[in-house]
Amino acid sequence: MAVGKNKCLTKGGKKGAKKKVVDPFSEKDWYDVKTPAMFNIRNIGKTLVTRTQGTKIASDGLKGCVFEVSLADLQYDEVAFRKFKLITEYPGLNEFSCTSHFF
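Using this note's numbering, read the sequence shown as starting at 22 and increasing by one per residue.
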């Protein structure tokens, strides 16, 4: 048997080198979801969207999301029980908000 160097260890450094762990929430932005103008409450909540990177745009990931909201939450009325589905259209004039309409 010939004696020689172990090429695997000299090429890449340590065997089994660890990758850097990236926090998934550091790559996301919070967007406000707004209802149509006919409701008393305009802001219904927030949603997480992956930040813009290269050709992948954050607003495209937000477009078409469906939110189910109770009428009681939209009108300050505890008796109302209907639920509406709202779909997001596009990001609003503000950078971190988007408007919605009926689904």
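We treat Cβ as the ideally placed atom computed from N, Cα and C, and that holds for glycine. Computed from a predicted model, the values in this text were never measured in an experiment.
**Message:** How far does the beta strand (DSSP E) with Ser47 in it extend, from its first residue to its last?
**Reply:** Looking up residue 47 in the sequence shown gives position 26. Run containing Ser47: none; DSSP gives neither H nor E here.
**Prompt:** Closest to Pro45 by CA distance: which of Met59, Asn61, Val70 is it?
**Reply:** Start at 1 with the first residue of the sequence shown, and residue 45 comes out as number 24. When only C-alpha atoms are compared, the closest one is Val70.
**Item:** Secondary structure of Gly66, DSSP reduced to three states
**Value:** Counting from 1 along the sequence shown, the entry for residue 66 is found at position 45. Correct three-state label for Gly66: strand.
**Message:** Please report the straight-line C-alpha distance between Lys49 and Gly85, rounded to a whole angstrom.
**Reply:** Locating residue 49 in the sequence shown gives position 28, where the first residue counts as 1. Locating residue 85 in the sequence shown gives position 64, where the first residue counts as 1. Rounded to the nearest angstrom, the gap between the Cα atoms of Lys49 and Gly85 is 18 Å.
**Message:** Going by the DSSP bridge assignment, what does Lys106 pair with across the sheet?
**Reply:** As a working note, residue 106 is residue 85 in the sequence shown. For Lys106, which the question treats as bridged, DSSP gives the partners Glu89.
**Request:** Closer than 6 Å by C-beta to Val87: which residues in its own chain qualify, once you throw out the five before and the five after it? Chain order, please.
**Result:** Translated into positions along the sequence shown, residue 87 becomes position 66. Only residues of its own chain outside the window of five on either side were considered, and among them Lys106, Ile108, Phe124 have a CB closer than 6 Å to the CB of Val87, listed in chain order.
**Message:** For Gln138, which residues in the same chain have their Cβ closer than 7 Å to its Cβ, ignoring the five residues on either side in sequence?
**Reply:** What the structure shows of the chain is the stretch from 22 to 124, and residue 138 is not part of that stretch, so it cannot be assessed.
**Request:** Using 10 angstroms around the beta-carbon of Tyr52, count the other beta-carbons present and answer buried if the total reaches 16, otherwise exposed.
**Result:** Start at 1 with the first residue of the sequence shown, and residue 52 comes out as number 31. In the assembly as shown, Tyr52 is a buried residue. Its beta-carbon has 16 or more other beta-carbons within 10 Å.
**Item:** Residue environment, Thr73, which counts as buried when at least 16 other CB atoms sit within 10 Å
**Value:** Residue 73 sits at position 52 when you count from the first residue of the sequence shown. Counting Cβ neighbours within 10 Å, Thr73 comes out exposed, since fewer than 16 surround it.
**Inter-residue Cα distance where the pair is His122 and Lys77** = Counting from 1 along the sequence shown, the entry for residue 122 is found at position 101. Counting from 1 along the sequence shown, the entry for residue 77 is found at position 56. Rounded to the nearest whole angstrom, the C-alpha separation of His122 and Lys77 is 24 Å.
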